[in-house]
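In the working numbering, the protein residues as written are 3 to 163.
Structure, as structure tokens:
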């Protein structure tokens with residue numbers, strides 16, 4: 003397996019190559035997705051002590067169930083599918099947290115309940131699904147995952163020979 007520094011360096015090195023093929027008005031959302039994919043939502047998030055996991059600081063606890071169920075270099079390292087698994091997982095976790103807060107606030111804090119009702123996560127996700135910038139953000143996540151997997155394959159080939 004390539005070292006985390008190698009993954010990050012190779013990902014950042016490849017970024018201009020991806021940008022060459024994109025319209026300039028999409029750069030910001032693509033780069034944001036690419037950087038988040040490289041440093042926070044890497045396929046190595048399935049490892050408890052990986053750099054991407056550690057970067058979540060206290061929120062890394064959210065990834066423990068994912069890490070328990072995932073085998074390293076399993077589905078998380080499958081191109082395209084791995085990114086969507088991580089995205090759906092994090093959306094699921096935040097939706098569960100929202101529902102727990104909703105139940106608590108509905109019984110104990112009415113003002114907080116009104117605030118939560120204005121932030122429906124399912125409506126938010128549905129609204130984002132039709133934004134062009136979200137498409138390029140996800141494309142950035144996918145490109146960073148692809149570079150990560152390419153680095154893993156090249157590292158494995160290097161070690162074989």
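The beta carbon of each residue, even a glycine, is placed where N, CA and C say it ideally should be.
query: Simplified DSSP assignment, three categories, for residue 49; result: coil
query: CB contact flag (residue 63, residue 88, <8 Å); result: no
query: Cβ-based neighbour list, residue 69, same chain, cut-off 8 Å, excluding 5 preceding and 5 following; result: 47, 48, 49, 50 and 55
query: Rounded straight-line distance, which links the Cα of residue 13 to that of residue 131; result: 26 Å
query: For residue 141 and residue 35, believed in contact at Cβ under 8 Å, the rounded distance; result: 7 Å
query: Short Cβ contact (8 Å threshold) for residue 38 with residue 143; result: yes
query: Contained alpha helix (DSSP H) runs [length at least 4] in the stretch 133-163, N- to C-terminal order; result: 134-162
query: Nearest candidate by alpha-carbon position, reference residue 103, set 91, 122 and 58; result: 122
query: Residues near residue 32 in its chain [Cβ-Cβ closer than 8 Å; skip 5 each side]; result: 20, 21, 24, 138, 139, 141, 142 and 145
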